[in-house]
Amino acid sequence: MELGKAGTETVVIHSVERELEVPGEPEEAWEAVADPERLGDWLGGDVEFEPEPGGEFHISFDDDSERTGFVEEIDPDGHRFAFWWRRPEDEVATRVQISLDETDAGTLVRVVETSPLATLDLRGIPLPTRRMDGPVALAFA
Amino acid sequence: MSGEPVFAALSDPTRRALLTRLSDGGPATATQLAAELPITRQAVVKHLEALREAQLVTSAREGREVRYTVTPEPLADAVGWIADVGAQWDSRLAALQAQFSQPRTK
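Take a look at the structure:
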């Protein structure tokens, strides 16, 4: 969690990071991460996405909720996958980055979810509503 | 990132209740909080100390009492977001781990 000043707004950058070590080389683990069907298996829903920057990303969770977004980066060789998603009721999208790195015992899967546009005004001035075009504009600026 | 103390502090429902009370109702002393919540003053002090160690509240001595203030509310919101999203990834990564352990049981 970081605090930064952006004009009169105080921007709170929320960030969550998790790691998991799995057996096998990154090439094998990559299938589990980047194949839409297997990605859906561990995210807990049906995943569809176009595997290219800007491609649409959609997941229908098993509890009937859903999130939509887009692919920012997908790099099968470097084992990096980044996408943005938001629930229909959310004003801002969050960024998910999944990366795989080789370790002595196998592969380290690292997930980082960040919401750099979660803007909270400490002065009590209402902020303009941010929509999906906010994060998209930021990601491709 | 010093997430661990924050998660530990927020794992307890009483501490979450205290944090919510301080966030909604403003700064308070342990005596005031004990009067409002169904727990003893000693228990309140213990929980507040855990919240203070996680830097979710700050304390300031006022005479014979100590007044507790929640750290700026947006931070508390962020902490709630981090706890929610963190729990989601914990269960997703547990599911991923299960996928890897199923075909290759050792």
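Residue numbers (the numbering used here), protein chains in the order written: chain U, 293 to 433; chain H, 50 to 155.
Backbone N, C-alpha and C define an ideal beta-carbon position, used for all residues, glycine too.
- Annotated three-state conformation of U:Ile390 is strand, per DSSP.
- Excluding residues up to 5 positions away in sequence, Ala58, Arg64 lie with their Cβ nearer than 7 Å to the Cβ of H:Ala99 in the same chain.
- A Cβ-Cβ contact shorter than 8 Å links H:Leu145 with U:Val401.
- Taking C-alpha positions only, H:Arg70 is separated from H:Ala79 by approximately 12 Å.
- In the three-state reduction of the DSSP assignment, U:Thr406 falls in the strand class, which pools E and B.
- According to the DSSP assignment, U:His350 belongs to no alpha helix (DSSP H) but to the beta strand (DSSP E) extending over 348–353.
- The residue from U:Leu392, U:Val404, U:Trp377 with its alpha-carbon nearest to that of U:Glu323 is U:Leu392.
- Leaving aside the five residues that flank U:Pro345 on each side, the residues in its chain whose CB is nearer than 7 Å to its CB run, in chain order, Val363, Glu364, Glu365.
- Between U:Ala321 and H:Arg101, the alpha-carbon positions lie close to 41 Å from each other.
- With at least 16 other beta carbons inside 10 angstroms of its own, U:Arg359 counts as buried.
- Within chain H, the residues placing a beta-carbon under 9 Å from that of U:Ala324 are Leu145, Gln148, Phe149, ordered along the chain.
- Residues of the stretch 356–372 of chain U with a C-beta less than 7 Å from any C-beta of chain H: none at all.
- Selection U:Val404, U:Pro318, U:Gly370, U:Thr395 evaluated against H:Trp138 yields U:Val404 as nearest (Cα-Cα).
- Boundaries of the alpha helix (DSSP H) harbouring H:Asp73: 62–74, taken from the DSSP string.
- Residue environment analysis places H:Gly75 among the exposed positions, since fewer than 16 neighbouring C-beta atoms fall within 10 angstroms of its C-beta.
- Nearest CB-CB separation between U:Pro315 and chain H: below the 8 Å threshold.
- Ranked by Cα distance from U:Thr395, the options U:His306, U:Arg310, U:Pro315, U:Arg379 are led by U:Pro315.
- By the Cβ-count criterion, U:Arg387 is buried, with 16 or more other Cβ atoms from all chains shown falling within 10 Å of its own Cβ.
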